[in-house]
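> Going by the numbering used here, the first residue of the sequence shown is number 50, and it counts up by one from there.
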Amino acid sequence: MKLQAVFVLLSSLGFAAAAAELPGPVVSVAWLNEHRAEVVVLDVRSDVAGFTTAPEWSTDAKTGAKVLDSSGGHIADARLVDFNAWRVSATIEGHKIDKLIPSAEEVQALMRGLGVDADDTLVLTTPGADPSDVDMAARVYWTLKTYGGTQMALLDGGNAAWLQAGYPVSTDAAVKLAAGNWSAGERNSAWLAQADDLKPGKGGPQLIDARPVPQYLGVVYKKPAVAAGGHVEGAVNYPIELQTRPVGLAQMFLTPEQYRSVMKGLGYAPQAGAITYCNTGHMAAGAWFVMSEIMGNPDTRLYDGSMHEWTTLGHPVVGVGL
């Protein structure tokens, strides 16, 4: 019997595995393999077709070693999380603003639809081959934490690292599970920033722009989501390329010490209050995760409206002026 079928059978018979105690906000593939039966794996992705697509390998011409080219498939029994469903639209000052955090009721419905229970320990994974993959999982993690989620971690390197370590994946379709009983608490503003928090002259937290350097400088900008090129006055750039490092195909986190060196080199204080932003609150979620969860800075907030909301509402930007 396939592993996935075993998990489903045990769940239907009312058996619940003991929840694992997480070692921190990031877990390795070796840890997950050892504790697989004790956690619920959420596979976060925007390309849902990849959930049932086989991984692709090639052979290095010089060494003869197998090389992972695409991290298709999923860890057996993982729950498919469509990232697109985790961001919603709202009207702000008469303008439609997209890709914002859902309401407590919406998040609760999403989690219960995935069969997640209140006492489940969660490991969030992604295809893991691109920094933007990592940031999708970070955005869902941030959303859950904002509504009271605690027992959760990100899988370092995602499915790509899992495959490179020699562990198997499944290409079976997602299984519809019975509704869970996970409950969302009230929205905690400790991790959520608003446009007013970024306005010049406000003082307070340092602003961290998590976009690539050309977007930060305004050489290019993401149309039509962003209406003007440049960045919020006073913001320091922490480009997405520095959030992770590639090991084979897998995007892996740095150590806290390495992050501390990177941040100091970029000109901001790792433990000072901070607000992260990007274009639509996606890349900024990765920066938030690094600072808040890996670096342990509790005074880190994410501006989910980011440059989409900021420029749509007509707030000023600075840049090279192209």
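Glycine included, every Cβ here is placed at the ideal spot set by N, Cα and C. These figures come from a predicted structure and were not determined experimentally.
1) Can you tell me whether residue 278 is buried or exposed, with buried defined as 16 or more other CB within 10 angstroms of its CB?
2) In whole angstroms, what is the alpha-carbon distance linking residue 65 and residue 186?
3) Residue 104 and residue 183: beta carbons closer than 8 Å?
4) Classify residue 306: buried if its beta carbon has 16 or more other beta carbons within 10 angstroms, exposed otherwise.
5) Provide the residue span of the alpha helix (DSSP H) that contains residue 281, from first to last.
6) I think residue 229 touches residue 164, with their Cβ atoms under 8 Å apart; what is that distance to the nearest whole Å?
7) Quick check on the burial criterion: 16 or more other C-beta atoms within 10 angstroms. Buried or exposed for residue 353?
8) When DSSP labels each residue in this structure, what does residue 194 get in the three-state scheme?
9) Are at least three pairs of beta-carbons, each pair with one atom in the segment 70-78 and one in the segment 201-208, less than 8 Å apart?
10) With a CB to CB cut of under 6 Å and the five nearest residues on each side skipped, what residues in its chain are close to residue 348?
11) Would you please state the rounded distance, in angstroms, between the beta carbons of residue 260 and residue 327? I believe it to be under 8 Å.
12) Could you pull out every residue in the same chain whose Cβ sits closer than 6 Å to the Cβ of residue 69, ignoring the five residues on either side in sequence?
13) Could you name the residues of the same chain whose beta carbon sits closer than 6 Å to that of residue 121, not counting the 5 residues immediately before and after it, in chain order?
14) Can you pull the DSSP bridge partners for residue 300?
15) How would you write the range of the alpha helix (DSSP H) that residue 78 sits in, first residue to last?
16) Leaving out five residues on either side along the sequence, give the residues of the same chain with a beta carbon under 6 Å from the beta carbon of residue 160.
17) Count the other CB atoms within 10 Å of the CB of residue 58; is the residue buried (16 or more) or exposed (fewer)?
18) Please classify residue 314: is it buried, with 16 or more other beta-carbons within 10 angstroms of its beta-carbon, or exposed?
19) Where does residue 308 fall in DSSP's three states?
20) Using the Cα positions of residue 82 and residue 221, report the straight-line distance between them to the nearest angstrom.
21) Closer than 7 Å by C-beta to residue 358: which residues in its own chain qualify, once you throw out the five before and the five after it? Chain order, please.
22) Helix, strand or coil: how does DSSP classify residue 106 here?
23) Do the CB positions of residue 176 and residue 209 come within less than 8 Å of each other?
24) DSSP beta-bridge partners for residue 123?
25) Between residue 94 and the rest of its own chain, which residues show a CB-CB distance below 8 Å, the 5 nearest in sequence each way excluded?
26) Measuring alpha carbon to alpha carbon, tell me which residue in 190, 283 and 300 is nearest residue 291.
27) Name the residue from 179, 162, 310 and 156 whose alpha carbon lies nearest to the alpha carbon of residue 197.
28) When we look at the beta-carbon of residue 61 and count the other beta-carbons within 10 Å, is it buried (16 or more) or exposed?
29) When we look at the beta-carbon of residue 369 and count the other beta-carbons within 10 Å, is it buried (16 or more) or exposed?
30) For the putative contact between residue 264 and residue 272, defined by C-beta atoms under 8 Å, what is the C-beta separation to the nearest angstrom?
31) Excluding the 5 residues preceding and the 5 following residue 281 in the sequence, name in chain order all residues of the same chain whose CB lies nearer than 6 Å to its CB.
32) At which residues does the beta strand (DSSP E) containing residue 138 begin and terminate?
33) Where does residue 355 land, buried or exposed, given buried means 16+ other C-beta within 10 angstroms?
The relevant details are as follows:
1) buried
2) Its pLDDT being 46, under 50, residue 65 is placed unreliably by the model, and nothing is read from it.
3) no
4) exposed
5) Note, residue 281: premise wrong, no alpha helix (DSSP H); not H, not E.
6) So it is a contact: roughly 5 Å between Cβ atoms.
7) So residue 353 counts as buried.
8) helix
9) yes
10) Leaving aside the five residues that flank residue 348 on each side, the residues in its chain whose CB is nearer than 6 Å to its CB run, in chain order, 322.
11) 5 Å
12) Within the same chain, residue 69 has close Cβ partners 84, 87, 88 and 170.
13) Within the same chain, residue 121 has close Cβ partners 99, 102, 103 and 104.
14) Note: residue 300 sits in a beta bridge opposite 295.
15) Residues 78-83.
16) 231
17) Note that residue 58 scores 43 on pLDDT, short of 50, meaning its location in the model is unreliable and no value can be drawn from it.
18) exposed
19) Helix.
20) Looking at the two C-alpha atoms, the distance is approximately 19 Å.
21) 141, 146 and 244
22) strand
23) yes
24) 219
25) 100, 129, 130, 131, 132, 175, 176, 182 and 185
26) 300
27) 156
28) Bear in mind that a pLDDT of 41 at residue 61, under 50, signals an unreliable position, so the number given afterwards is only what the model happens to contain. Sixteen is the threshold: since fewer than 16 other Cβ atoms of the shown chains lie within 10 Å of the Cβ of residue 61, the residue is exposed.
29) By the neighbour-count rule (16 or more Cβ atoms within 10 Å), residue 369 is not buried but exposed.
30) The C-beta separation of residue 264 from residue 272 comes to about 11 Å, leaving the pair out of contact by the 8 Å criterion.
31) 247 and 256
32) 137-141
33) buried
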